[in-house]
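As structure tokens, the structure follows; a few thoughts come after it.
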Ligand code: AMP
Ligand code: MG
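In our numbering, the protein residues as written are 156 to 634.
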């Protein structure tokens, strides 16, 4: 398909007008293409030659509004750092409609009705970060939104300094957030709450559509998906940074990439967001915060679903859904095929070991993936090898109970433990160059993002531990 014959659906607009506001994008000045993502283009059957069509930049910039689209922004609320904000919404994002179940949205397209006092724009820096990381997460097997492309401009915006604005086009199976439900709950608009639940079931839980107990089952599946998602984040070493309920996807996806980080040296309490002084969204607390966020969702759904049934499901999250999901993720990372009770201790001990060893999280697992009994490669990458030595005694014992061969284990682990993840220092290098008009590193990182498990000789310098001066840096959430 070319940009002309894409067929858009606008199912969200069949909801009551309170759910959204019809909003025209406000174009940026002198827009230019920074990057086009051919993998995301395939999702909507868009020809990759569209990259060279000037209307692609115009589509992102809002000066080409294709037939069948009706631009709108969505309302939502949310608990931000624990405090309820009754009116948030897409302050800078504009939805065009959906293609093949992917809802297209431009972020940074100017003020909307929900912008409050903000400018409706997005900095090039944070747009590049979202564009690249969403792609990386997808190829690492983590449910996420995607991004089709990104444009830059000469439009100036004020953040910590004066910066250039950009627009990223994001794609998602759903843009509904926990906070969308909270919006209608707190305004006591229970009919609309029900319409939203029906819409969400149709969009993201279609198999429940005709089920008599669909609202309860829908809630249960949101809890299941969230438990699995967060277990995957923890296993990968991903810190989201702003897990407000408006940034929690009802479809169990990673959404709204802000001051996120991949762990460098393992640090359980690592906080990647400078604004988060209390460490509410630290790496180690992500599973607990998700539980809290799910509790807020259950409150918002209480006019539709029996509270006690939901509480039982929430208890399950803490008792076994999340812990089991996490142990499964870690078993895979450790190359363990059998499920033994003792694995819980092995994994718990590993967390303490990594904390004490001062060791790069991603590099540790990649190095462990080639473990053949020789401990030196692992000792070499730890600032403190003593705890690693102790833990390897446990690991050796555990491996001896496995039936698969060392070779099989290594192969499986190399497909599970990435060689490349996008660390903040890599992204910063790409951003620094992009700000000088050189987008080559954005392309390099897009390539790395799509091949996290491969050997990429030309990218070898990004494979090891994070350079000392860039380790565990906390980022501003201004975007
Ligand atoms: P975020 O922290 O990016 O998830 O945003 C939280 C809320 O603030 C959402 O409702 C956003 O739409 C809104 N927001 C953030 N930055 C801007 C901006 N520059 N202009 C308008 N709204 C914004
Ligand atoms: Mg957000």
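Ideal Cβ positions, reconstructed from N, Cα and C, are used throughout, including at glycine.
How would you write the range of the beta strand (DSSP E) that residue 299 sits in, first residue to last? The residue you call residue 299 lines up with position 144 of the chain shown. Going by DSSP, residue 299 is part of no beta strand (DSSP E) at all; its letter is neither H nor E.
What residues match up with residue 261 in a beta bridge as DSSP calls it? Mapped onto the chain shown, residue 261 falls at position 106. Assignment of beta-bridge partners to residue 261 by DSSP yields 249, 324.
Closest Cα partner of residue 326 within the set 579, 598, 249: As a working mapping, residue 326 is identified with position 171 in the chain shown. Taking only the C-alpha atoms, the option nearest residue 326 is 249.
Can you find the residues in the same chain that come closer than 6 Å, C-beta to C-beta, to residue 398, ignoring five residues on each side of it along the sequence? For the purposes of this step, residue 398 is taken as residue 243 along the chain shown, with counting starting at 1. In its chain, beyond the 5 residues on either side, 436, 444 have a beta carbon closer than 6 Å to the beta carbon of residue 398.
Per DSSP, the bridge partner or partners of residue 235: Translated into positions along the chain shown, residue 235 becomes position 80. 238, per the DSSP bridge assignment.
Could you tell me if the beta carbon of residue 263 falls within a distance shorter than 8 Å of some heavy atom in the ligand MG? Within the chain shown, numbered from 1, the residue matching residue 263 stands at position 108. Because no heavy atom of the ligand MG lies under 8 Å away, the Cβ of residue 263 does not count as near it: no.
Ranges of the beta strand (DSSP E) found wholly within the region 172-203, counting only runs of at least 3: Taking 3 residues as the shortest admissible run, the region 172-203 contains the following complete beta strand (DSSP E) segments, listed from N- to C-terminal end: 175-177, 187-191.
List in chain order: all unbroken alpha helix (DSSP H) runs of 4+ residues lying wholly within the region 400-460. Here the runs fully enclosed are 441-456.
Nearest residue (CA-CA) to residue 401, options 334, 411, 345: In the chain shown, the residue the question calls residue 401 occupies position 246. Checking every option, the nearest Cα to that of residue 401 belongs to 334.
Check residue 329 in the structure and name its three-state DSSP category. Taking the chain shown and counting its residues from 1, one reaches residue 329 at position 174. Residue state, collapsed to three classes: coil.
Is residue 307 helix, strand or coil when you go by DSSP? By 1-based counting over the chain shown, the position of residue 307 is 152. DSSP places residue 307 within a strand segment (E or B) once states are collapsed to three.
Any non-hydrogen atom of the ligand MG closer than 8 Å to residue 572 Cβ: Working through the chain shown from its first residue, we reach residue 572 at position 417. Shortest gap from the CB of residue 572 to any heavy atom of the ligand MG: 8 Å or more.
Cα-Cα separation, residue 244 to residue 264: Reading the chain shown from its first residue, position 89 is the one you call residue 244. Reading the chain shown from its first residue, position 109 is the one you call residue 264. Rounded to the nearest whole angstrom, the C-alpha separation of residue 244 and residue 264 is 14 Å.
Can you name the residues that DSSP bridges to residue 230? Position 75 of the chain shown holds residue 230. Bridge partners of residue 230: none, in fact.
If residue 438 sits next to residue 394, beta carbons under 8 Å apart, how far is it from one beta carbon to the other, in whole angstroms? Along the chain shown, read from residue 1 onward, the residue named residue 438 stands at position 283. Along the chain shown, read from residue 1 onward, the residue named residue 394 stands at position 239. Their Cβ separation, rounded to whole angstroms, is 5 Å, which keeps residue 438 and residue 394 in contact under 8 Å.
The region 271-280 touching the region 577-592, judged by at least three CB pairs closer than 8 Å: Contact check between the region 271-280 and the region 577-592: three or more CB pairs, one atom from each, fall below 8 Å, which counts as touching.
Between 494, 610, 577, 523, which lies nearest to residue 598 when the distance is taken from Cα to Cα? Your numbering for residue 598 matches position 443 in the chain shown. Residue 577 is the option with its Cα nearest to residue 598.
Residue environment, residue 433, which counts as buried when at least 16 other CB atoms sit within 10 Å: Along the chain shown, one-based indexing puts residue 433 at 278. Exposed.
Please look up how many angstroms separate the CB atoms of residue 493 and residue 563, rounded, as I've assumed it's under 8 Å. By 1-based counting over the chain shown, the position of residue 493 is 338. By 1-based counting over the chain shown, the position of residue 563 is 408. With a contact defined as Cβ atoms closer than 8 Å, residue 493 and residue 563 miss out at about 13 Å.
Bounding residues of the alpha helix (DSSP H) (the contiguous stretch that carries residue 622): For the purposes of this step, residue 622 is identified with residue 467 of the chain shown, where counting begins at 1. Per DSSP, residue 622 belongs to no alpha helix (DSSP H) and is neither H nor E.
Proximal residues to residue 350 (C-beta, below 7 Å), its chain only, five neighbours per side dropped: Looking up residue 350 in the chain shown gives position 195. If we look at residue 350 and ignore the five residues flanking it on each side, its Cβ neighbours are 170, 171.
Look at residue 314 and residue 633 and say whether their C-beta atoms are less than 9 Å apart. Locating residue 314 in the chain shown gives position 159, counting from the first residue. Locating residue 633 in the chain shown gives position 478, counting from the first residue. Yes, the Cβ-Cβ distance between residue 314 and residue 633 is below 9 Å.
Evaluate residue 273 with the Cβ neighbour count: other Cβ atoms within 10 Å of its Cβ, from every protein chain shown; 16 or more gives buried, anything less gives exposed. On the chain shown, residue 273 is found 118 positions in, with the first residue counted as 1. Counting Cβ neighbours within 10 Å, residue 273 comes out exposed, since fewer than 16 surround it.
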